[in-house]
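Positions 1 to 170 (this note's numbering) are the ones given, in order, by the sequence shown.
For glycine and all other residues, C-beta sits at the position ideal for the given N, C-alpha and C.
Note that the coordinates shown come from a computational prediction; the quantities given were computed from them, not determined experimentally.
One structure is given here, and the rest of the page talks about it.
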Amino acid sequence: MKMVDDDVRHPVIVDTDAVIAVANTSLWPRIIDNLQLTTTNVCYHELKRHAREMSEYAPEGTRERWVHDGSKKALEPFDDEDTSFTTVPCVPRPHGEDAGEKSVKTEIEQNTELYRFAILMDKHGRRAINRVFSDAEETTGKAVAPTFLLYLLLDEGECTVAICSSLVTE
């Protein structure tokens, strides 16, 4: 795992399920080339576990294959020193179900002013993080769904409305 200086935190942080979802889209290479993302070491290790434990031989179209393929694709830019994807430690480190989501919430609680967007699949997780953002002073952060990364691409001029919209409705 490429551990960039722990002080490198990009304004967009992603959790495990969110990055898997977007890594499984055709726009993933554009996201790698144009956006700067951060995740926690907990999410990174969840991705590693999914890539290792989910079968690459599972039938196409199954959740197991989708999670395996997305995890494998999602890990690549976090391991590549030439990309601007970073991994930061979460202390204390949560364990169990939803550990990745909890680690993102902990990271935002500890560094609220550094984040503009938290990208999470889970609606309840987004609500909890939005409460953290709203309770903080002088922050405009927001927890949003994974599809928001496609809109960030659109904003960068790296995607058309038609392409982004077609992926959102798939």
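- Between the C-alpha atoms of phenylalanine 117 and arginine 52 there is a straight-line separation of about 29 Å.
- With contacts defined by Cβ atoms closer than 8 Å, serine 55 and histidine 68 form a contacting pair.
- Linking serine 26 to cysteine 159 through their CA atoms gives a straight-line distance of about 11 Å.
- The beta carbon of glycine 125 sits closer than 6 Å to those of Glu101, all from its chain and outside the five residues before and after it, given in chain order.
- Excluding the 5 residues flanking it on each side, isoleucine 13 has same chain C-beta neighbours closer than 8 Å at Leu37, Thr38, Thr39, Thr40, Val104, Glu107, Ile108, Tyr115, Phe117, Ala118 and Ile119, in chain order.
- Rounded to whole angstroms, the separation of the alpha carbons of cysteine 90 and glutamate 138 is 23 Å.
- Close CB contacts of alanine 23 within its chain, under the 7 Å cut and outside five residues either way in sequence, are with Gly70, Lys73 and Ala74 (chain order).
- Assignment of valine 8 by DSSP, reduced to helix, strand and coil, places it in the coil class.
- Beta-bridge pairing by DSSP links alanine 74 to no other residue.
- In this structure, the beta-carbon distance from isoleucine 129 to alanine 145 does not fall below 8 Å.
- Its chain contains Ala58 as the residues whose beta carbon lies nearer than 6 Å to that of arginine 65, once the 5 sequence neighbours on both sides are disregarded; these appear in chain order.
- Secondary structure note for valine 42: its alpha helix (DSSP H) is the uninterrupted segment 41–53.
- Closest by C-alpha distance to lysine 48, out of Glu76, Ala21, Ile32 and Gly61, is Glu76.
- In the structure shown, the three-state DSSP call for threonine 16 is helix.
- Membership of valine 104 in the alpha helix (DSSP H) is indicated by the continuous run 99–110.
- Residue burial is scored here from C-beta neighbours: alanine 21 has at least 16 other C-beta atoms within 10 angstroms and is therefore classed as buried.
- Burial state of glycine 141 is buried, judged by a 10 Å Cβ sphere holding 16 or more other Cβ atoms.
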